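If you read the protein sequences in the order shown, they are chains A and B.
If you want this note's numbering, it's the 1-based position in the first sequence plus 87.
If you want this note's numbering, it's the 1-based position in the second sequence plus 101.
Every residue, glycine too, gets a C-beta built ideally from N, C-alpha and C.
A quick note: this is a predicted structure, and the numbers were derived from the prediction, not measured.
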Amino acid sequence: NAGVTQTPKFQVLKTGQSMTLQCAQDMNHEYMSWYRQDPGMGLRLIHYSVGAGITDQGEVPNGYNVSRSTTEDFPLRLLSAAPSQTSVYFCASSYAQPGWVSEAFFGQGTRLTVV
Amino acid sequence: DAKTTQPNSMESNEEEPVHLPCNHSTISGTDYIHWYRQLPSQGPEYVIHGLTSNVNNRMASLAIAEDRKSSTLILHRATLRDAAVYYCIPSSGSARQLTFGSGTQLTVLP
Chain A
88 NAGVTQTPKF QVLKTGQSMT LQCAQDMNHE YMSWYRQDPG MGLRLIHYSV
138 GAGITDQGEV PNGYNVSRST TEDFPLRLLS AAPSQTSVYF CASSYAQPGW
188 VSEAFFGQGT RLTVV
Chain B
102 DAKTTQPNSM ESNEEEPVHL PCNHSTISGT DYIHWYRQLP SQGPEYVIHG
152 LTSNVNNRMA SLAIAEDRKS STLILHRATL RDAAVYYCIP SSGSARQLTF
202 GSGTQLTVLP
């Protein structure tokens with residue numbers, strides 16, 4: 088059982104480039120989300136999805152797009168990378184909203200540097 | 102979301118119990134109390150959660166004060182692998198996210 092898989096693990100981008108961070112889960116979870124974690128800080132929600140075809144914004148959505156065409160996959164797209172987007176990105180999934188009784192499962196993270 | 106107060110850091114000796122406190126005095130009556138931990142260079146990992154009564158699982162125990170304004174995560178025998186940042190997260194059922202504060206950095210000494 089792989090859980091939540093994120094690719095790539097590391098990425099360096101130049102300012103203005105675009106890229107997609109991949110996230111896949113094999114637990115048939117409806118709820119998926121993307122967080123970013125800046126050095127020494129807690130995680131902040133970027134976007135989330137409550138099921139295929141349904142997405143919504145979190146606390147810090149600017150500069151990022153998401154879509155959810157399947158239950159398993161929830162990619163995060165950086166439209167035009169900026170140095171302020173240098174961070175560690177975590178994808179998470181749970182069978183229901185994680186503020187309820189559901190345990191959230193996190194991926195290993197993607198460490199992104201924008202130069 | 103309720104505000105939380107946790108010590109910035111704590112130390113423990115290996116194989117001894119550890120009590121990690123959390124104050125959440127503004128918690129509402131329907132908020133669950135979740136604990137997650139983050140090992141170095143890894144994503145957060147669920148530890149335990151509860152509502153009113155104390156909870157036990159294979160990883161830890163959660164003691165919740167009768168007035169629910171504080172809780173304590175108990176690791177019964179700390180190991181080196183338990184060195185991590187521990188986050189206390191009160192959260193309502195309608196919450197879209199888990200709100201992570203700065204947590205407590207636990208150091209386990211051999």
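Item, Value
"Collapsed DSSP secondary structure at B:L152 in the structure displayed", "coil"
"Closer than 9 Å to chain C by CB, A:Q172", "No chain C appears in this structure, whose protein chains are A and B."
"C-beta neighbour in chain A for B:H135, strict 9 Å", "yes"
"Check whether A:A179 and A:V91 have beta carbons under 9 Å apart", "yes"
"CB contact flag (A:E117, A:G145, <9 Å)", "no"
"First and last residue of the uninterrupted beta strand (DSSP E) at A:A70", "With chain A running from 88 to 202 in the structure shown, residue 70 of chain A is simply not present."
"Residue range of the unbroken beta strand (DSSP E) whose run includes A:D143", "I141 to Q144"
"Inter-residue Cα distance where the pair is A:E190 and B:E112", "27 Å"
"Check whether A:F100 and A:F177 have beta carbons under 9 Å apart", "The sequence given here has Leu at residue 100 of chain A, not Phe. In this structure, A:F177 does not lie closer than 9 Å to A:L100 by Cβ."
"Any 3 or more C-beta pairs closer than 8 Å across the segment 115 to 129 of chain B and the segment 166 to 174 of chain B", "yes"
"Start and end residues, beta strand (DSSP E) containing A:N152", "Y151 to V153"
"Start-to-end residues for the beta strand (DSSP E) that takes in A:G196", "Looking at the DSSP string, A:G196 is not in any beta strand (DSSP E), and its letter there is neither H nor E."
"Residues within the segment 179 to 201 of chain B neighbouring chain A, beta-carbon criterion of under 8 Å", "Y188, S192, S193, G194, S195, A196, R197, Q198, L199, T200 and F201"
"Three-state class that DSSP yields for A:D125 in the structure shown", "coil"
"Three CB pairs or more closer than 8 Å across the segment 163 to 177 of chain A and the segment 105 to 123 of chain A", "yes"
"Pairwise C-alpha distance: A:A89 and A:Q112", "7 Å"
"Cβ neighbour criterion (16 or more within 10 Å) applied to B:P108", "exposed"
"Contact set between A:Y135 and chain B, taken where Cβ atoms lie within less than 8 Å", "R197 and Q198"
"Beta-carbon proximity of B:A179 to B:N114, cut-off 9 Å", "yes"
"Residue-chain proximity (B:S203, chain A), Cβ-Cβ < 9 Å", "yes"
"Cβ shell of A:R198 (< 6 Å), same chain only, five flanking positions each side left out", "F97 and V175"
"Nearest-angstrom Cα separation, counted from B:E117 out to A:S105", "49 Å"
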